[in-house]
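For reference, the structure discussed in these notes is given below.
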Amino acid sequence: MRVAPRTLNILAAVTWYAGAVSLLRKGVSLLAKEHARDPEGLGLWLALGAGLLLGGLKARFVFSANCRRNLARIAALPDPRLWQFFRPGFFVALAAMITAGVLLSRLARVEPRAICYVAALDLAIGLALLGSSLVFWRQRAFSRKTPA
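With my numbering applied, the sequence shown corresponds to residues 153 to 300, in that order.
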């Protein structure tokens, strides 16, 4: 099915935002569990700080570049198809990351000390996705192109 590049940009952004919301929700939930488990513990604050710091760095130096490259790739497609909003390798990596996230969440259920590590990781990746999503807006990925 042929589609406009704008459609692929929107699908890429929706996937990006869905990942951000999902991971941020999960990270905050894990922090709430840690707070209930140990209200005065330092782990909660370390996880929050690490998530914010690492997420900001990853957004700035890794994920923003990924967004720019993907938008450029989409713009260069000669005959855009619906499934081309990411490269095939990205979908494989996404499946691996989701599987790893599920396994880490299970670890956090059986090993309470792992909750902070998993929360920090989820927050970092979620914030990186959210922060780097500004690329979609700065590059006007959703605007309709008018003929010159």
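Ideal Cβ positions, reconstructed from N, Cα and C, are used throughout, including at glycine.
Using the Cα positions of V173 and A266, report the straight-line distance between them to the nearest angstrom.
As a working note, residue 173 is residue 21 in the sequence shown. As a working note, residue 266 is residue 114 in the sequence shown. Each residue's alpha carbon lies about 21 Å from the other.
Looking at the unbroken alpha helix (DSSP H) that takes in E186, where does it start and where does it end?
Your numbering for residue 186 matches position 34 in the sequence shown. Here the alpha helix (DSSP H) through E186 covers P157 to R189.
With DSSP run on the structure shown, which of helix, strand or coil describes R154?
Here residue 154 corresponds to residue number 2 of the sequence shown, with the count starting at 1. Here R154 sits in strand by DSSP.
Whole-Å CB distance - L279 paired with A211, under 8 Å assumed:
Numbered from its first residue, the sequence shown carries residue 279 at position 127. Numbered from its first residue, the sequence shown carries residue 211 at position 59. With a contact defined as Cβ atoms closer than 8 Å, L279 and A211 qualify at about 7 Å.
Would you say the segment 201-215 touches the segment 269-276, given that touching needs at least three Cβ pairs under 8 Å?
Contact holds: three or more Cβ-Cβ distances are below 8 Å.
Give the C-beta separation of A164 and F238 to the nearest angstrom, bearing in mind that I take them to be a contact with Cβ-Cβ under 8 Å.
Here residue 164 refers to the residue found at position 12 when the sequence shown is read from its first residue. Here residue 238 refers to the residue found at position 86 when the sequence shown is read from its first residue. Indeed they touch by this definition, with Cβ atoms about 6 Å apart.
Quick one: what's got a C-beta closer than 6 Å to L175's C-beta in the same chain, skipping five residues either side?
Start at 1 with the first residue of the sequence shown, and residue 175 comes out as number 23. Closer than 6 Å at Cβ, skipping near neighbours: D274, I277 and G278.
Which residues mark the beginning and the end of the alpha helix (DSSP H) in which P240 is found?
Position 88 of the sequence shown, counting from 1, holds the residue named residue 240. Per DSSP, P240 belongs to the alpha helix (DSSP H) from P240 to V262.
Quick check: the segment 217-235 against the segment 282-293, are there 3 or more CB pairs under 8 Å?
They touch, by the three-pair rule.
Label E186 either buried or exposed according to how many other C-beta atoms from any shown protein chain fall within 10 Å of its C-beta, with 16 as the threshold for buried.
For the purposes of this step, residue 186 is taken as the residue at position 34 of the sequence shown. Flag for E186 reads buried.
Less than 7 Å between the CB of Q291 and some heavy atom of the ligand FAD, yes or no?
In the structure shown, the ligand FAD is absent, as is every other ligand, since no ligand is present at all.
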